[in-house]
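Asker: Below you will find the structure I want to go over with you.
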Amino acid sequence: CLENAPDAWDGALPFVGGGPIVEHGSTEPIKGAQTMSFASMFNCRRILKEKIVDVTDAMAPGGDGNPFKGLNSHQREELASLYQLGFPRGDEYMIGEPLGQMWLWSSMADSLSEQDPSYFENFWTKPGYVGFDQPEVVTGDIINTNARVARVLTGQEILADPRFAAHEHQTFRLIVAVFSSLSGSNLPMAVELEGVGPGYRPGTGIKILSGPAAGRQLYSVGVAGDVFYCDGVGEANLRRFEGVSPGDEVLVDNRKFLAYNYFARHHLMDDIQFDAFRIDGVPIYPQHPVPLQSPLMGVGYSGKYQGKLIWVHHTHDSSLWPPQGVIYRDAVLRAQGEAGARERFRLRWIENAEHGPSIMVPSRPNRASNTWLIDYMPFIEQSIQDLIDWVEKGVEPVETVFEYVDNRVILSGDAAQRQGIQAVIAVTANGGARAEVRVGETVTFSLEAAVPPGAGAIVSADWDFTGSGEFPFSHDGIEGKDSALTLTTTHRYDQPGEYFVTGRVHSHRNGNVNAKACRIANVAQARVIVS
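All residue numbers for the sequence shown refer to the working numbering, where the first residue is 8 and numbers rise by one.
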């Protein structure tokens, strides 16, 4: 809005945003990095399979920090490519739990093959493509068969079905709940199929071959057993499985999705995000034109505007990866120069924030999602107030200081060096990131937190010892007067197991312990193994 309506706004605060850089004023359909990035994410999910658990564990607090341990060469290559594209470190759990990313695939699958049919053919038939050069890494996952509909289900029926109540189906249920709320819980959104056989089911195409809906093409967004929750584009999106009855025949074909999994190699944008796929500016793999996204995805950015802009980006956003924030900062520098950027632009990072609220992220078996992700809206509330003060009073807002290496954002563990407006926090168990104890043994936990200069004081500190997300213990005596605190507590475990212990603090600009708004959170964890 600020770029394209200069007379309407004096300031703006985009968050959970990102997009390609284009000429100022362009209204052409955009080419988005997510088209390629998500393909790499889906491929890692497919080839890692159950090893996603090991990758996630290695990168979690108290892990060894080596996500490649135990992987074969192809798995290592693809995971490395995912990181090189900018996937947020520490968010590996989301590789196996895609949500809106799968919807994006279903919305653009038809368009991709229409815009670039040669890619989907070349992938299987020409050197330089994995489907031809290394068929063994994809052929075992191929599905290309006719099947029959055993049952048609609405979103409401899925959510009421006890078969899908188990923890392993929580992402499936979450997808159904979200999209049912948008499209109506009585719309038939899923089918239970007979005769699909082996192969990789997420992302597969399902084309209706018989009955009143014959010819309709959908794609699986979520799968639970033989039940495929699907979406599509246009009429397919609006009607889903309307007109489909038990006994109708469908074509189940995932060859397009398997080819798409390697899309990032062959569709490079000019952005720094894709530099790992070039040597001395020369692409490593055969190239195809980067496809256009749907017009519904909006327009690109130029970095040229009048007024003030605070760009807020999340460190753990698995939908809009950290490079998107850096790309826009660089666009502002190119369009306005160092002096113009200093006058009109700030970039702030929210640590431990996903694309949406933590309630929208599936929990792990032993960790509620709100123990590693924060509610980021108070950060936005304070940043809006800072934007107002910048525009109306000339009070310059602070930004976050960070390093950017290998498409990774690195934040200092020192609050004075990091700056920004969020507390920096560290947690230890018996003095380290990982403690191994016996049942009944006392564990000492320490929390160190500091608020950056000018960002206020700590107004609360609490603990979750078991991963439940309830944070049952809060420290007394915090009065909103201290910008830095070191706190300790102890806990004993009566049952063996693995526990992720979370310390959480809230800070407030004015140190108001009773404030309802602008209470900015941060969290940190340690791991305890009880035997």
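Every residue, glycine too, gets a C-beta built ideally from N, C-alpha and C.
Indicate whether residue 420 and residue 499 have their beta-carbon atoms separated by less than 8 Å.
Answerer: Residue 420 sits at position 413 when you count from the first residue of the sequence shown. Residue 499 sits at position 492 when you count from the first residue of the sequence shown. The answer is no: Cβ separation not under 8 Å.
Asker: May I ask you to list the residues that DSSP assigns as paired with residue 174?
Answerer: Translated into positions along the sequence shown, residue 174 becomes position 167. For residue 174, which the question treats as bridged, DSSP gives no partner whatsoever.
Asker: Please list, in chain order, all residues of the same chain as residue 339 whose beta carbon is under 7 Å from its beta carbon, the five residues on each side excluded.
Answerer: As a working mapping, residue 339 is identified with position 332 in the sequence shown. The residues are 310, 348, 352.
Asker: Provide the residue span of the beta strand (DSSP E) that contains residue 441, from first to last.
Answerer: The residue given as residue 441 occupies position 434 in the sequence shown. That run of the beta strand (DSSP E) goes 441–444.
Asker: Express the C-alpha separation of residue 78 and residue 426 in angstroms, rounding to a whole number.
Answerer: Residue 426 sits at position 419 when you count from the first residue of the sequence shown. Residue 78 sits at position 71 when you count from the first residue of the sequence shown. Spanning the two alpha carbons is a distance of roughly 38 Å.
Asker: Looking at C-beta atoms only, is the number of pairs between the stretch 100–112 and the stretch 268–282 that lie closer than 8 Å three or more?
Answerer: Judged by Cβ distances under 8 Å, the stretch 100–112 makes no contact with the stretch 268–282, as fewer than three pairs qualify.
Asker: Name the DSSP beta bridge partners of residue 291, please?
Answerer: Looking up residue 291 in the sequence shown gives position 284. In the DSSP output, where bridge partners are listed per residue, residue 291 has none listed.
Asker: Who does residue 462 pair with in a DSSP beta bridge?
Answerer: Working through the sequence shown from its first residue, we reach residue 462 at position 455. Bridge partners of residue 462: none, in fact.
Asker: For residue 317 versus residue 355, is the C-beta distance shorter than 8 Å?
Answerer: Within the sequence shown, residue 317 is the residue found at index 310, counting from 1. Within the sequence shown, residue 355 is the residue found at index 348, counting from 1. Cβ distance < 8 Å, so residue 317 and residue 355 count as in contact.
Asker: Note down, in chain order, each residue of its chain lying with its Cβ closer than 6 Å to the Cβ of residue 260, except the 5 sequence neighbours on either side.
Answerer: Your numbering for residue 260 matches position 253 in the sequence shown. So the qualifying residues of the chain are 151, 212.
Asker: In the DSSP output, which residue or residues are listed as bridge partners for residue 467?
Answerer: By 1-based counting over the sequence shown, the position of residue 467 is 460. DSSP output for residue 467 lists 513 as bridge partner(s).
Asker: With a threshold of 7 Å on Cβ separation, who are the neighbours of residue 74 within its own chain once the five nearest residues in sequence on each side are excluded?
Answerer: Translated into the one-based positions of the sequence shown, residue 74 becomes position 67. These residues qualify, in order along the chain: 62, 65, 66, 86, 99.
Asker: Report the three-state DSSP secondary structure of residue 320 (helix, strand or coil).
Answerer: By 1-based counting over the sequence shown, the position of residue 320 is 313. Strand at residue 320.
Asker: Taking Cβ positions, are residue 34 and residue 306 nearer each other than 8 Å?
Answerer: Position 27 of the sequence shown, counted from the first residue, corresponds to residue 34. Position 299 of the sequence shown, counted from the first residue, corresponds to residue 306. Yes; because the gap between Cβ atoms is below 8 Å, this pair is in contact.
Asker: If you measure from the beta carbon of residue 380 to each beta carbon in chain C, is any gap under 8 Å?
Answerer: Checking the listed chains, one finds no chain C in this structure; it contains a single protein chain.
Asker: Check this for me: beta carbons of residue 377 and residue 239, under 8 Å apart or not?
Answerer: As a working note, residue 377 is residue 370 in the sequence shown. As a working note, residue 239 is residue 232 in the sequence shown. Their beta carbons are not under 8 Å apart, which means residue 377 does not touch residue 239 by this criterion.
Asker: Note the first and the last residue of the continuous beta strand (DSSP E) segment covering residue 199.
Answerer: Position 192 of the sequence shown holds residue 199. Looking at the DSSP string, the run of the beta strand (DSSP E) that includes residue 199 is 195–201.
Asker: Taking only the alpha-carbon atoms, compute the straight-line gap between residue 393 and residue 125 and give it to the nearest angstrom.
Answerer: Along the sequence shown, read from residue 1 onward, the residue named residue 393 stands at position 386. Along the sequence shown, read from residue 1 onward, the residue named residue 125 stands at position 118. Straight-line Cα distance between these residues: approximately 50 Å.
Asker: Is the beta carbon of residue 432 sitting closer than 8 Å to the one on residue 531?
Answerer: On the sequence shown, position 425 is the one that residue 432 refers to. On the sequence shown, position 524 is the one that residue 531 refers to. A contact, by the Cβ cut-off of 8 Å.
Asker: Quick check on the DSSP output: what are the complete beta strand (DSSP E) runs of length 3 or more inside the stretch 217–288, in order along the chain?
Answerer: Fully enclosed beta strand (DSSP E) runs of 3 or longer: 224–231, 234–238, 256–260.
Asker: Where does residue 534 fall in DSSP's three states?
Answerer: Here residue 534 corresponds to residue number 527 of the sequence shown, with the count starting at 1. Three-state DSSP puts residue 534 in a strand.
Asker: Measure from the alpha carbon of residue 522 to the alpha carbon of each residue in 389, 478, 529, 409, then state which is nearest.
Answerer: Translated into the one-based positions of the sequence shown, residue 522 becomes position 515. Answer by Cα proximity: 389.
Asker: Between residue 257 and residue 216, which are expected to be in contact by the criterion C-beta below 8 Å, what is the C-beta distance as a whole number of angstroms?
Answerer: Counting from 1 along the sequence shown, the entry for residue 257 is found at position 250. Counting from 1 along the sequence shown, the entry for residue 216 is found at position 209. About 6 Å; that satisfies the 8 Å criterion.
Asker: Would you mind stating whether residue 366 and residue 321 have Cβ atoms separated by less than 8 Å?
Answerer: Taking the first residue of the sequence shown as 1, we reach residue 366 at position 359. Taking the first residue of the sequence shown as 1, we reach residue 321 at position 314. Against a cut-off of 8 Å, the Cβ pair of residue 321 and residue 366 comes out as no contact.
Asker: So, with DSSP's three-state summary, where would you put residue 160?
Answerer: What you label residue 160 is simply residue 153 of the sequence shown in a count that begins at 1. Three-state DSSP puts residue 160 in a strand.
Asker: Using a Cβ-Cβ cutoff of less than 8 Å, which residues in the same chain neighbour residue 96 once the five nearest sequence positions on both sides are dropped?
Answerer: Against the sequence shown, residue 96 aligns to sequence position 89. Result list for residue 96: 66, 90, 415, in chain order.
Asker: Please classify residue 355: does DSSP put it in a helix, a strand, or coil?
Answerer: Stepping through the sequence shown from its first residue, residue 355 is reached at position 348. In this structure, residue 355 counts as strand in the three-state DSSP scheme.
Asker: Among all the DSSP beta bridges, which residues are the ones paired with residue 453?
Answerer: For this step, residue 453 is matched to residue 446 along the sequence shown. Residue 453 pairs with 435, 495.
Asker: Is the stretch 458–475 in contact with the stretch 500–513, if contact means three or more CB pairs nearer than 8 Å?
Answerer: Yes, the stretch 458–475 is in contact with the stretch 500–513.
Asker: If I'm right that residue 148 touches residue 93 with Cβ under 8 Å, what's the distance once you round it to whole angstroms?
Answerer: Taking the first residue of the sequence shown as position 1, residue 148 is located at position 141. Taking the first residue of the sequence shown as position 1, residue 93 is located at position 86. Incorrect: roughly 26 Å between the Cβ atoms, too far for contact.
Asker: Assuming residue 277 contacts residue 334 under a Cβ cut-off of 8 Å, what Cβ separation, rounded to an integer in Å, is found between them?
Answerer: As a first step, residue 277 must be located in the sequence shown, where it is residue number 270. As a first step, residue 334 must be located in the sequence shown, where it is residue number 327. 10 Å between Cβ atoms; not a contact.
Asker: Indicate the three-state DSSP secondary structure (helix, strand or coil) for residue 405 in the structure shown.
Answerer: Your numbering for residue 405 matches position 398 in the sequence shown. Coil at residue 405, not helix or strand.
Asker: Enumerate in chain order the residues of its own chain whose CB-to-CB distance from residue 330 is below 6 Å, with the five nearest sequence positions on each side excluded.
Answerer: For the purposes of this step, residue 330 is taken as the residue at position 323 of the sequence shown. These residues qualify, in order along the chain: 93, 280, 414.
Asker: To which residues of the same chain is residue 243 closer than 7 Å at the C-beta, ignoring the five residues directly before and after it?
Answerer: In the sequence shown, residue 243 corresponds to position 236, counting from 1. Counting only Cβ-Cβ distances below 7 Å, and skipping sequence neighbours, we find 223, 224, 225.
Asker: Check each candidate in 203, 160, 204, 201 and name the one with the smallest Cα separation from residue 183.
Answerer: As a first step, residue 183 must be located in the sequence shown, where it is residue number 176. With distances taken between Cα atoms, residue 183 lies closest to 160.
Asker: Using only alpha-carbon positions, find the residue among 142, 116, 314 that is nearest to residue 46.
Answerer: Sequence index remark: in the sequence shown, residue 46 carries index 39 (1-based). Nearest option by C-alpha distance: 116.
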